[in-house]
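Residue 131 in full-length UniProt numbering is what sits at position 131 of the sequence shown, and the numbering runs on without skipping anything. All residues carry an ideal CB built from backbone N, CA and C; glycine is no exception. For clarity, every value in this text was computed on a predicted model and none was experimentally measured.
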Amino acid sequence: MLNKLRSWVNPPPKSTDSDYLRDSFLQHIPRERIDLIVELGSYDGHDAIMLRDYFDARVYTFECNPDILRQTRKNLRNKSGITLVEQAAWNENARIPFYPVTKTIRGNAPHFTRLAASSCYRASRNYLEINTQRETHVHAIRLDSWCHDHGIETIDLLCMDIQGAAFPALQGLGSVLDRVGYMIAEIERKEMYHGETLFPQINDYLGSHGLSLKEEICRDDWFSDFLFIREG
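Structure follows, in structure tokens:
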């Protein structure tokens, strides 16, 4: 069953593409059903803008990486309908370790910095790219607390690209997860970050909250982008 849902990104997406707005995902998401979007892992803010424009929806976008936030703020400044939340989504309200990438090695290519691979976890050295990280601390919040404080009862579309931290973010939704209509998330099948929870357990957890896997776009052998929907 799962293999029938899988497709591959070929060629790889350009940096200006949105991995959320793939045709194979959008065919299952009626625009008229999406009024409020929560995005976890804004990075530079461009996905938030594209999500807002495509769905004509209100977007709350979370980013905690101090090494990209200046650019995120600049890109989202004066963008109506988008609110930047400068915190990590987690399973408790606390200050937590965060590990920005400072150097990336991929084979014999010149060194560069894959800042988007920064994570709440330390990177494994098993992946194709070897990331060097520094340690800092960031503010983290449970999403059910945040939703309560902002009067949000239902999330029409939840988008996540948070480098191994999907499971604690989902745990932090509490009962709000039962009122998420659609979810697009990057989730690992093999360990890219020490201590992360992988796809099988996350899939089971989402299923227990009424969200079913609809599509998978494989990025490589380690991770994929997934669409989950609430049937009925």
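The secondary-structure analysis by DSSP pairs N65 with nothing; it has no beta-bridge partner.
If you ignore the 5 residues before and after R73, its C-beta comes within less than 7 angstroms of the C-beta of L84, all in its own chain and listed in chain order.
Counted as a single uninterrupted DSSP element, the alpha helix (DSSP H) harbouring M50 occupies residues 46–55. Rounded to the nearest angstrom, the gap between the Cα atoms of R122 and L115 is 13 angstroms.
Around the beta-carbon of G232, fewer than 16 other beta-carbon atoms lie within 10 Å, marking it exposed.
Within 10 angstroms of the beta-carbon of N93 lie fewer than 16 other beta-carbons, which makes it exposed. Looking at the DSSP output, R95 shares a beta bridge with H139. Residue burial annotation: F112 is exposed, with fewer than 16 other C-beta atoms found within 10 angstroms of its C-beta. DSSP lists E186, I217 as the bridge partner or partners of D225. C-alpha of V180 to C-alpha of E153: approximately 9 angstroms in a straight line.
For D35, there is no enclosing alpha helix (DSSP H), since its DSSP letter is neither H nor E.
CA-CA distance, Q27 to Y20, rounds to 12 angstroms. In the displayed model, I105 falls within a strand according to three-state DSSP.
With a contact defined as Cβ atoms closer than 8 angstroms, A140 and A88 qualify at about 4 angstroms. DSSP places R179 in the helix class (H, G or I) of the three-state scheme. In the DSSP assignment, I202 falls within the alpha helix (DSSP H) that extends over 199–208. In this structure, DSSP gives S24 a helical state, which the three-state scheme calls helix.
Cα atoms of D23 and I96: separation of roughly 36 angstroms, rounded to the nearest angstrom.
Around A48, the same chain offers E39, S42, V59, T61, I82 as residues with beta carbons nearer than 6 angstroms, after the five sequence neighbours per side are excluded. P30 counts as exposed, since fewer than 16 other C-beta atoms from the protein chains shown sit within 10 angstroms of its C-beta.
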